[in-house]
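A quick write-up on the structure given underneath.
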Amino acid sequence: LYEVGSTTLFLLGGEAKQDAWIAMLLGAGAGLLLLLVYLLMYRLDAERDLFEMCRHYLGSIFGWVAAFALTAYFAYEASRNFRDI
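Numbered as in the working numbering, the sequence shown ends at 110 without a single skipped number.
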C-alpha cells in the first residue's frame with residue numbers, strides 16, 4: 026500500500042493506462058535503492074540515528090540543513106497523507 030498510497034482515491038496517473046506498471050516498477054526500484062543506501066549507512070554506523078549521521082558525514086552546517094530538510098519532508102508527507110485520507 027505504500028507504493029499506491031492515496032493514488033487510488035484520486036486516479037492520479039490514469040492516463041498511463043498499460044504503461045502504469047513501468048512507472049510502478051521504476052518507483053519500486055528507486056525506493057529499493059534508497060532503502061539499501063539507508064541500510065548500508067546503518068550497518069556502517071549503527072549507534073547513530075539518521076540525523077546524527079547527516080551531521081557526522083556532511084559536517085555541522087550541511088548536516089543540520091539535511092537533517093532539517095528530512096524532518097520537513099517527513100512532516101509534509103505525513104500531513105499530506107493525513108489530509109488526503
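For every residue, glycine included, the Cβ atom is placed at its ideal position computed from N, Cα and C.
Note that the structure is predicted; figures quoted are calculated from it, not measured.
By alpha-carbon positions, which one of L57, Y82 and L58 ends up nearest to L111? The displayed coordinates of the chain run from 26 to 110. Any statement about residue 111 would go beyond what the structure contains.
From the DSSP output, in three-state form, read off D70 for me. D70 sits in coil when the DSSP states are folded into three classes, being neither helix nor strand.
Can you list, in chain order, the stretches of the alpha helix (DSSP H) that have 4 or more residues and sit fully within the stretch 46-103? Counting only unbroken stretches of 4 or more residues, the alpha helix (DSSP H) elements lying wholly within the stretch 46-103 are 75-83, in sequence order.
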